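Trainee:
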Amino acid sequence: MKLVLTDYNRENTERFKSSLTKAEIPFVHVNIQYDGFLAPDILNPFAYFMGYYQKPEKHRYFNQIPLPPFYEARNVDGGKSEILQGDNVVGHIFYQPNTNRLVKEVVWYNRIGKKVAVERYNIQGEKYADVIVDKDGKDSKVVYYQGSKPVIDFDLSSKNILLKKNGMTQSFNNLTEFVLYFIETIVKEKLGFDFDEVIYNNLATPLFVSNRLPQRATLYFQEFIKDEIPGNMVGVLAGRTPTKRILFENIKQLKKVETLIQEEPAKIPLDYLGAIEEFRRDNDFTQGALTITFSDQILHEDKLAEALAKRGKTWTIAAPSEVSDKLRNFSNAHDNINLLERINGDDIPELLAKHDFYLDVNRGAQMMNNIYRAYHEGMLVISDQKVSKNGGYEVVLVKEEELVGAIDRNSYTSLMNILRKKKGTPATREAYQAQFGA
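Take any residue in the sequence shown, count from 1 to its spot, add 77: that is its number in the working numbering.
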């Protein structure tokens with residue numbers, strides 16, 4: 078069994094875990110940071126000691142936040158709502174990205190607009206932490222709760238962590254020590270997970286933790302390097318850590334590292350191992366385009382609508398709320414525009430299945446990771462560089478004429494090929510088994 082050790086459970090982590098699962102590589106996943114929106118089956122020290130490990134989801138929406146009398150919450154956009162006392166903004170309710178307005182954080186302000194308190198909510202719909210704010214409006218400490226009882230204090234200045242359980246308080250000098258304690262006492266001893274290799278994908282705390290575990294380690298590198306080798310990677314490349322190899326998800330990043338270390342080659346093996354890609358369907362340019370938006374700000378809307386109409390294609394613009402008059406007028410001006418209002422997460426799979434293009438040309442947030450989902454549906458995902466939301470899964474274009482020209486049968490196959498090989502040739506199940514064992 079492998080220990081997959083990550084800092085944040087972002088899309089890149091899910092992509093790697095999906096490849097391991099497809100290749101039937103057994104693993105246990107420990108994610109270090111807690112933002113409230115980890116799946117209940119992911120091991121996390123904060124979530125575990127608060128009692129949220131394997132606790133079912135129960136979402137909380139912005140209009141379910143308890144407010145004082147005569148206060149009201151008013152939605153602003155796909156990312157937040159305002160808390161108003163009369164005409165005064167006294168707080169903001171921020172939503173978890175890629176959700177239908179699920180509450181992540183509530184920030185309160187004083188009379189002059191300075192932040193004074195923060196409440197954090199999780200995927201179970203519960204308030205799990207208070208952030209203590211200093212006189213300058215900076216976060217100084219996070220207090221985590223099990224129910225209404227404080228169980229973890231995290232001092233953001235000293236990095237000291239206090240864990241309160243069974244009537245005792247344990248102190249840890251930093252996050253690395255806290256995670257090591259969790260792995261030894263909970264992951265290994267209590268839950269019984271026994272692993273022979275650590276795989277980590279981040280050069281911060283996951284690297285520091287892997288350096289203090291006895292098992293050999295692999296860095297699965299999914300980040301982007303600019304002009305020089307990251308400082309924490311230097312020691313890894315020199316063979317001064319338990320990391321015995323680096324695997325790169327993106328072949329361009331592997332080649333960049335090889336170029337940057339020509340004068341002092343790596344002391345450990347470097348190799349390419351992309352994601353195992355699976356697409357729900359083949360795409361044959363017979364269906365229309367789709368955009369899902371929280372905003373009525375759509376770039377190049379008239380030119381794109383006209384280009385689609387000339388090719389006999391419709392354009393569905395879907396929104397999770399009631400749309401503005403601007404979008405209604407745009408729809409009325411073009412016969413090939415289908416305007417859908419008040420969609421929810423359950424509608425997205427059917428929308429993706431009924432379209433062949435995804436046009437990421439709207440300002441604002443995406444809904445429920447729909448760019449990534451459109452890519453794996455098998456759609457050709459095209460975006461304008463100014464509003465691109467997930468460039469790794471989009472053909473990102475700069476000029477209006479490029480976007481208009483992309484909606485063409487003659488361009489379709491070549492753009493799809495570019496899209497699917499942006500990071501290198503997708504890996505196979507056999508390639509993963511060769512690297513990690515069946």
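We put the CB at the ideal spot given by N, CA and C, even for glycine. Here the structure is a predicted model, which means the values were calculated and not measured.
Among the residues of its own chain, which have a CB less than 8 Å from the CB of residue 391, if the five just before and after it don't count?
Mentor: Counting from one through the sequence shown, the residue named residue 391 turns up at place 314. Cβ neighbours of residue 391 beyond the five flanking positions: 365, 366, 385, 413, 414 and 415.
Trainee: Unbroken alpha helix (DSSP H) runs of length 4 or more, entirely within the stretch 243–319: which are they?
Mentor: Runs found: 252–259, 282–288 and 308–314.
Trainee: Quick check: is any heavy atom of the ligand HEM less than 6 Å from the C-beta of residue 499?
Mentor: This structure lacks the ligand HEM, and indeed carries no ligand of any kind.
Trainee: Distance, Cα to Cα, residue 241 vs residue 381?
Mentor: In the sequence shown, counting from the first residue as 1, residue 241 sits at position 164. In the sequence shown, counting from the first residue as 1, residue 381 sits at position 304. Their backbone Cα atoms lie some 58 Å apart in a straight line.
Trainee: Going by beta carbon distance, what residues of the same chain come within less than 6 Å of residue 451, once the five residues before and after it are set aside?
Mentor: Along the sequence shown, read from residue 1 onward, the residue named residue 451 stands at position 374. These residues qualify, in order along the chain: 429, 435 and 458.
Trainee: Out of 142, 160, 163 and 263, which has the shortest C-alpha to C-alpha gap to residue 130?
Mentor: By one-based count along the sequence shown, residue 130 stands at place 53. Of the candidates 142, 160, 163 and 263, the one whose C-alpha sits nearest the C-alpha of residue 130 is 263.
Trainee: Using the three-state DSSP reduction, which class does residue 488 fall into: helix, strand or coil?
Mentor: Here the question's residue 488 lines up with position 411 in the sequence shown. Three-state DSSP puts residue 488 in a helix.
Trainee: Since residue 418 and residue 399 should fall inside the 8 Å C-beta cutoff, what is the C-beta to C-beta distance between them, to a whole number of angstroms?
Mentor: Taking the first residue of the sequence shown as position 1, residue 418 is located at position 341. Taking the first residue of the sequence shown as position 1, residue 399 is located at position 322. With 8 Å as the limit, residue 418 and residue 399 qualify as a contact, their Cβ atoms being about 5 Å apart.
Trainee: For residue 275 and residue 318, what's the separation of their Cα atoms in angstroms?
Mentor: Within the sequence shown, residue 275 is the residue found at index 198, counting from 1. Within the sequence shown, residue 318 is the residue found at index 241, counting from 1. Spanning the two alpha carbons is a distance of roughly 12 Å.
Trainee: How is residue 168 classed by DSSP in three states: helix, strand or coil?
Mentor: Position 91 of the sequence shown holds residue 168. It is a strand residue.
Trainee: What does DSSP give as the partner residue(s) for residue 223 in the beta ladder?
Mentor: Locating residue 223 in the sequence shown gives position 146, counting from the first residue. The partner list for residue 223 (beta bridge, DSSP) reads 226.
Trainee: Helix or strand or just coil, what does DSSP make of residue 330?
Mentor: The sequence position of residue 330 within the sequence shown is 253, counting from 1. Three-state result, residue 330: helix.
Trainee: According to DSSP, is residue 453 helix, strand or coil?
Mentor: Taking the sequence shown and counting its residues from 1, the one referred to as residue 453 is at position 376. Three-state result, residue 453: helix.
Trainee: Output needed for residue 69: all residues of its chain with C-beta closer than 8 Å, excluding positions within five of it in sequence on either side, in chain order.
Mentor: Look at the range of the chain in this structure, 78 to 515, and you will see that residue 69 is not part of it.
Trainee: If you run the structure through DSSP and keep just helix, strand and coil, what is residue 182?
Mentor: Taking the first residue of the sequence shown as position 1, residue 182 is located at position 105. Residue 182: strand per DSSP, three-state reduction.
Trainee: Are the beta-carbon atoms belonging to residue 350 and residue 324 less than 7 Å from one another?
Mentor: Translated into the one-based positions of the sequence shown, residue 350 becomes position 273. Translated into the one-based positions of the sequence shown, residue 324 becomes position 247. For residue 350 and residue 324, yes; Cβs fall inside 7 Å.
Trainee: Excluding the 5 residues preceding and the 5 following residue 473 in the sequence, name in chain order all residues of the same chain whose CB lies nearer than 6 Å to its CB.
Mentor: On the sequence shown, residue 473 is found 396 positions in, with the first residue counted as 1. The answer, listed in chain order, is 460, 462 and 465.
Trainee: Let's see if you can read the secondary structure: which residues bound the beta strand (DSSP E) around residue 402?
Mentor: The sequence position of residue 402 within the sequence shown is 325, counting from 1. Segment 402–410 is the alpha helix (DSSP H) holding residue 402; no beta strand (DSSP E) there.
Trainee: Mind reading off the beta-carbon distance from residue 114 to residue 173? Whole number of angstroms is fine, and I expect it under 8 Å.
Mentor: Position 37 of the sequence shown, counting from 1, holds the residue named residue 114. Position 96 of the sequence shown, counting from 1, holds the residue named residue 173. Sure, about 5 Å apart at Cβ, within 8 Å.
Trainee: By DSSP's criteria, residue 158 is part of a beta bridge. Which residues make up the other side?
Mentor: Numbered from its first residue, the sequence shown carries residue 158 at position 81. 152 and 170.
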